[in-house]
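Line by line, the protein sequences give chains A and B.
Going left to right, the first sequence walks through residues 19 to 131 as the working numbering numbers them.
Going left to right, the second sequence walks through residues 2 to 122 as the working numbering numbers them.
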Amino acid sequence: DIVMTQSPDSLAVSLGERATINCKSSQSVLHTSNNKNYLAWYQQKSGQPPKLLIYWASIRESGVPDRFSGSGSGTDFTLTISSLQAEDVAVYYCQHFYTNPVTFGRGTRLEIK
Amino acid sequence: QVQLVQSGGGVVQPGRSLRLSCAASGFLVSTYVMHWVRQAPGKGPEWVALMSSDGITKYYADSVKGRFTISRDNSKNTLYLQMDSLRHEDTAVYYCAKDRDQNLIHYFGDWGLGTLVTVSS
């Protein structure tokens, strides 16, 4: 199975500042047939299910604010929140969908400094 | 509007069984790949099982293979997870989830609210 490793485990950022979360896969999730990275990002607020933010590593889901962006390729990926808002407090997960089984990272907890 | 309404969780003793349900509205479960995903307390999500849109293909995580069975009732537009021989390590919130798109690519655009399963003697 592909192992997804996120860093840091937790992060405290001031309102209006940039937040950066990293995700590394144990093998490449770039499919050479279509040049797409099979990587998604989710946001999970307390007591709620995960919410899809980003797929194909950089495509923002409909309705997701444009302060959220995804980047990276191969094995190294980043979720960036350009200007942190109070409502962004949550745990963020990356997930690969390159093969079965899909697997998730252990999460990064984002808090306000 | 897609909705996934879950039921069937609870407290169960090790070795016993439980069935989870996920009633869908706003789409047909027979037209999308459907999944069960679980999340143990304080942990990341763990994919558990999937059923293809044609109902023929079913995949399971190694941790539940031979003990859990995914199924559906098209007439009720409902997905199920039959969980047998439950273990302490099966304790988690269980979510049903739907592929975002009909392209056999498994990222999850819609989730149920989850149901807690606690395996305890």
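Virtual Cβ for every residue (Gly too), placed ideally from N, Cα, C.
| Item | Value |
| --- | --- |
| Chain B contact for N118 (chain A) (CB, 7 Å cutoff) | yes |
| Chain-ordered neighbours of R124 (chain A) on chain B, where CB pairs are closer than 8 Å | K44, G45 |
| According to DSSP, residues forming a beta bridge with Q7 (chain B) | B:C23 |
| Secondary structure of V109 (chain A), DSSP reduced to three states | strand |
| Segment contact flag, the segment 95-111 of chain B with the segment 17-35 of chain B, C-beta cutoff 8 Å, min 3 pairs | yes |
| Buried or exposed by the 16-neighbour rule on C-beta atoms within 10 Å, applied to I77 (chain A) | exposed |
| S101 (chain A) versus H89 (chain B): straight-line alpha-carbon distance, rounded | 42 Å |
| Pick from B:G11, B:G27, B:R17 that is closest to Q2 (chain B), judged by C-alpha positions | B:G27 |
| R39 (chain B): contacting residues in chain A (beta-carbon distance under 9 Å) | The contacting residues do not exist; R39 (chain B) stays about 11 Å from chain A at best. |
| Length of the line joining the Cα atoms of S89 (chain A) and G115 (chain B) | 30 Å |
| Where D91 (chain B) sits in the DSSP three-state scheme | helix |
| Buried versus exposed call for T126 (chain A) [16 or more other C-beta atoms within 10 Å across all chains shown] | buried |
| Per-residue contacts from I71 (chain B) into chain A (C-beta, under 8 Å) | Here the premise fails: no neighbours, minimum Cβ distance about 14 Å. |
| Cutoff 7 Å: A50 (chain B) Cβ touching any chain A Cβ | no |
| Chain D contact for A24 (chain B) (CB, 7 Å cutoff) | Looking for chain D here will not work: the only protein chains present are A and B. |
| Three-way DSSP call (helix, strand, coil) for A50 (chain B) in this model | strand |
| Residues of the segment 97-108 of chain B whose Cβ lies closer than 7 Å to any Cβ of chain A, in chain order | R101, I106, H107, Y108 |
| T121 (chain A), buried or exposed, once every other Cβ within 10 Å from all chains shown has been counted against 16 | buried |
| Contacts of Q113 (chain A) in chain B (Cβ-Cβ under 7 Å) | Y108 |
| Pairwise C-alpha distance: V38 (chain B) and L29 (chain A) | 26 Å |
| Pairwise C-alpha distance: H36 (chain B) and K59 (chain B) | 10 Å |
| Proximal residues to S86 (chain B) (C-beta, below 7 Å), its chain only, five neighbours per side dropped | G16, R68 |
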